[in-house]
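Colleague: In the working numbering, the protein residues as written are 831 to 1077.
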Amino acid sequence: MKPRDIALFFDRLAAERPAPKGELAFVDPYTLLVAVVLSAQATDVSVNKATDRLFKVASTPQAMLRLGVDGLIPYIQTIGLFRAKAKNVIRLSEILLAEHGGVVPPDRAMLETLPGVGRKTANVVLNIAFGEPTIAVDTHIFRIGNRTGLAPGKTPRAVEDKLEKVVPADRKLHAHHWLILHGRYVCKARRPDCPACAVKDLCGYRAKTPAATPAVSAGPPGAPGAAPRSSPGPRSARPAGRAPRRG
Ligand code: SF4
């Protein structure tokens, strides 16, 4: 995608959501970190349901340690991989207390030493809690980067590196949220809503979803308004994720 089109792409997403926000509930960097660790391969809605109860009894590393793994599990057992996540949350709380004075460090290298915290989680925490212009590539951003031609790449890291290069500097802080929300609600995996998309004229996806066609009268074949017997009907969208046109 050309630089001018990329600038327009983000202008349009910004116009749709001038103050984009993530959908995970949290109250401070620690609860954000816990929520993001719990959200791996789970929906924000399912995590918010669990943390709504959990954070009322444990919203600090000290309180989380008092719960312990066995005490934490009942709060999060509706979330996938809850046993491993419970161990990670308790262990990272121990490390925060032992090595960082009980606070979340605003430092990628330190964050990535915590159990359950990889590059994506560190990017989310750095962006949301500390206002750094990082772009955490999740499944939505990976799909949009490739599908539209904005930032093609075979791995999340390749897409992240490309986005780092092409996203205009003044759009980097919110790029992560704009792209995630666009992927979640418009450029969906199975059937992107291309007719309603604000960036459809800039997007390089060749198999854009067609606009719905008006209903055809169900009269007998040959009757006025009836579909001809041999009509192929509207072309259906090809599967999502098809290689985008690069440009
Ligand atoms: S036009 Fe379709 S494929 Fe392209 S960004 Fe919009 S919704 Fe996604």
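We put the beta carbon where it would ideally sit given N, CA and C, even for glycine. Since we're looking at a predicted model, the values are computed, not measured.
Alpha carbons only, please: which of Val864, Lys886, Lys992 is nearest the one belonging to Leu926?
Modeller: Along the sequence shown, one-based indexing puts residue 926 at 96. Nearest of Val864, Lys886, Lys992 to Leu926, Cα basis: Val864.
Colleague: What do you reckon, is the C-beta of Tyr1035 under 7 angstroms from a heavy atom of the ligand SF4?
Modeller: Start at 1 with the first residue of the sequence shown, and residue 1035 comes out as number 205. The answer is yes for Tyr1035.
Colleague: Would you identify the three-state DSSP class for Pro1051, choosing helix, strand or coil?
Modeller: Residue numbering aside, residue 1051 sits at position 221 when the sequence shown is read from its first letter. Because the pLDDT at Pro1051 is just 48, under 50, the model does not fix this residue reliably, and the value given afterwards should be weighed accordingly. Pro1051 falls in the coil class under three-state DSSP.
Colleague: Can you tell me whether Tyr1015 is buried or exposed? The criterion is at least 16 other CB atoms within 10 Å of its CB, across all chains shown.
Modeller: Walking along the sequence shown from the start, residue 1015 turns up at place 185. Label assigned to Tyr1015: exposed.
Colleague: Once the 5 residues before and after Phe839 are set aside, which same chain residues still bring their CB inside 6 angstroms of it?
Modeller: As a working mapping, residue 839 is identified with position 9 in the sequence shown. Hits under 6 angstroms: Val1029, Leu1032.
Colleague: Looking only at C-alpha atoms, which of Gly983, Thr873, Ile903, Val866 sits nearest to Thr951?
Modeller: Stepping through the sequence shown from its first residue, residue 951 is reached at position 121. Selection Gly983, Thr873, Ile903, Val866 evaluated against Thr951 yields Val866 as nearest (Cα-Cα).
Colleague: Less than 7 angstroms between the CB of Lys1038 and some heavy atom of the ligand SF4, yes or no?
Modeller: For this step, residue 1038 is matched to residue 208 along the sequence shown. Yes; taking the cut-off as 7 angstroms, the Cβ of Lys1038 has a heavy atom of the ligand SF4 nearer than that.
Colleague: Would you tell me roughly how many angstroms separate the C-alpha atoms of Asn953 and Thr1043, rounded to the nearest one?
Modeller: Locating residue 953 in the sequence shown gives position 123, counting from the first residue. Locating residue 1043 in the sequence shown gives position 213, counting from the first residue. Computed Cα separation, rounded: 42 angstroms.
Colleague: Can you give the Cα-Cα distance for Phe856 and Leu862, rounded to whole angstroms?
Modeller: Within the sequence shown, the letter at position 26 stands for residue 856. Within the sequence shown, the letter at position 32 stands for residue 862. Whole-angstrom Cα-Cα distance: 5 angstroms.
Colleague: Contact check, Phe972 vs Val989 under 8 angstroms by CB: the rounded distance?
Modeller: Taking the first residue of the sequence shown as position 1, residue 972 is located at position 142. Taking the first residue of the sequence shown as position 1, residue 989 is located at position 159. Contact between Phe972 and Val989 holds: CB atoms are separated by about 5 angstroms, below the 8 angstroms threshold.
Colleague: Buried or exposed: which applies to Ile848, given that a residue is buried once 16 or more other Cβ atoms fall within 10 Å of its Cβ?
Modeller: Here the question's residue 848 lines up with position 18 in the sequence shown. Before going further, note that residue 848 is Pro rather than Ile in the sequence given. That one is exposed.
Colleague: Please state if the CB of Leu895 and the CB of Ile929 are separated by a distance shorter than 8 angstroms.
Modeller: Indexing the sequence shown from 1 puts residue 929 at position 99. Indexing the sequence shown from 1 puts residue 895 at position 65. A small correction: the amino acid at residue 929 is Glu; Ile does not occupy that position in the sequence shown. Contact: no.
Colleague: Does Lys832 come out as helix, strand or coil in the three-state DSSP assignment?
Modeller: Sequence index remark: in the sequence shown, residue 832 carries index 2 (1-based). Residue state, collapsed to three classes: coil.
Colleague: For the alpha helix (DSSP H) holding Gly848, just list the boundary residues, first then last.
Modeller: For the purposes of this step, residue 848 is identified with residue 18 of the sequence shown, where counting begins at 1. The sequence given here places Pro at residue 848; Gly does not occur at that position. Counting along the chain, Pro848 falls outside any alpha helix (DSSP H), and DSSP gives it neither H nor E.
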